[in-house]
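With full-length UniProt numbering, letter number 135 in the sequence shown gets 135, and the count goes up by one each step, no holes.
Only one structure is covered here, and it is reproduced in the block below.
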Amino acid sequence: MSTSLGMPALPPPTEPTWKQAWDSSSFGADGWLRRRPTVLRHAREEVVALVGEDVPEVVLLGAAGALAPELAARRPGLSVRHDLPEGFGGLVLAVDWLSHVPAHVVQVGVDGYPVFVHVDPLTGRERLGARLNESWVPQSIGRWLSEWWPVAEQGPGARAEVGTGRDAAWRDVVRRLDGGRAVALDPGHLADSRPRAGSLHSPAPQAGGPLVPDGQRDLAAGVAWDAVAEATGGRVVDDGDLTRVEVG
Numbered sequence: 001m002s003t004s005l006g007m008p009a010l011p012p013p014t015e016p017t018w019k020q021a022w023d024s025s026s027f028g029a030d031g032w033l034r035r036r037p038t039v040l041r042h043a044r045e046e047v048v049a050l051v052g053e054d055v056p057e058v059v060l061l062g063a064a065g066a067l068a069p070e071l072a073a074r075r076p077g078l079s080v081r082h083d084l085p086e087g088f089g090g091l092v093l094a095v096d097w098l099s100h101v102p103a104h105v106v107q108v109g110v111d112g113y114p115v116f117v118h119v120d121p122l123t124g125r126e127r128l129g130a131r132l133n134e135s136w137v138p139q140s141i142g143r144w145l146s147e148w149w150p151v152a153e154q155g156p157g158a159r160a161e162v163g164t165g166r167d168a169a170w171r172d173v174v175r176r177l178d179g180g181r182a183v184a185l186d187p188g189h190l191a192d193s194r195p196r197a198g199s200l201h202s203p204a205p206q207a208g209g210p211l212v213p214d215g216q217r218d219l220a221a222g223v224a225w226d227a228v229a230e231a232t233g234g235r236v237v238d239d240g241d242l243t244r245v246e247v248g
């Protein structure tokens, strides 16, 4: 295979995509989140206040799980669980949950086209891979970027995390509700504030450290709140303290 200039084409990267490496690093057999719970990084009182007195049952996802003993002590009659059954009529409280759902990382190449970013799981060294307009790439990825994060408009070097997996995860939560309510509280952004360099990072206490998907560190990325809200008929709520997506 050759390029249009007759030069031999570069072989495709042998490293996994960031999404593949992130998934293995966090949820693989020896993954970070298999061995450690997500750390609650929001003010406890503000998060607990989301569980109103009229809530009979609450499902805690992600870092919200750390609140289980406190909620049980404060509300003796409250049913606290960590699994979400079909037809749920209580409150689902997901904290720093969607931001841990692995996402494809893409970068705009020098030719102006978004491409997948691949990463070496042992060193964190990155390589650029295939364009998103290749025939084998699911069209949903390109469509999501066009609608929610048109990263190509930001020029070469701009990066984004594709939110299709987060939208699907929250849709699965919402479809299990029957008169219930769901709240997702995560770091995130809206269309007018997408970070040009993307938001994939290692949360504290490893903040600022190397991004190596080796299972030895936490990995997360901000959630496109507006995309998640529209995918589920929800709404973005910003009361000055906690920005979140609510359904129901």
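Cβ atoms here follow ideal geometry from the backbone N, Cα and C, with glycine treated the same way.
Values in this document were obtained by computation on a predicted structure and should not be read as measured data.
Taking the alpha carbon of residue 45 as the reference point, which residue from 27, 241 and 224 has its own alpha carbon closest?
Closest option to residue 45, Cα to Cα, is 241.
On a Cα-Cα basis, can you pick out the residue from 74, 232 and 14 that is closest to residue 164?
Ranking the options by Cα distance to residue 164, first place goes to 232.
Let me check understanding here. Comparing Cα to Cα, which of 185, 38 and 168 lies closest to residue 230?
Residue 168 is the option with its Cα nearest to residue 230.
So is residue 10 buried or exposed if we call it buried at 16+ other beta carbons inside 10 Å?
Because residue 10 sits at a pLDDT of 49, beneath the cut-off of 50, its placement in the model cannot be relied upon, and the following sentence gives the value as read from the coordinates. Result: exposed.
Need the endpoints of the beta strand (DSSP E) that residue 200 sits in, please.
Here residue 200 belongs to no beta strand (DSSP E), and DSSP marks it neither H nor E.
Should residue 59 and residue 90 be called a contact, given that it needs their Cβ atoms to be closer than 8 Å?
The answer is yes: Cβ separation under 8 Å.
Among 110, 37, 208 and 104, which one has its Cα closest to the Cα of residue 149?
Of 110, 37, 208 and 104, the residue nearest in Cα terms is 104.
By the DSSP assignment, the beta strand (DSSP E) with residue 128 in it spans what residues?
Bounds of the beta strand (DSSP E) holding residue 128 are 126-131.
Based on the DSSP output, what are the partners of residue 243 in its beta bridges?
For residue 243, the beta-bridge partners assigned by DSSP are 238.
Closer than 6 Å by C-beta to residue 18: which residues in its own chain qualify, once you throw out the five before and the five after it? Chain order, please.
Apart from sequence neighbours up to five positions away, the residues of its chain that approach residue 18 with a beta-carbon distance below 6 Å are 105, 117 and 119, ordered along the chain.
Under the three-state DSSP convention, the category residue 210 falls into
Coil at residue 210, not helix or strand.
Using 8 Å as the Cβ pair cut-off and three pairs as the minimum, do the stretch 170-185 and the stretch 87-101 touch?
The stretch 170-185 is in contact with the stretch 87-101.
Under the DSSP definition of a beta bridge, which residues are partnered with residue 60?
Paired residue(s): 93.
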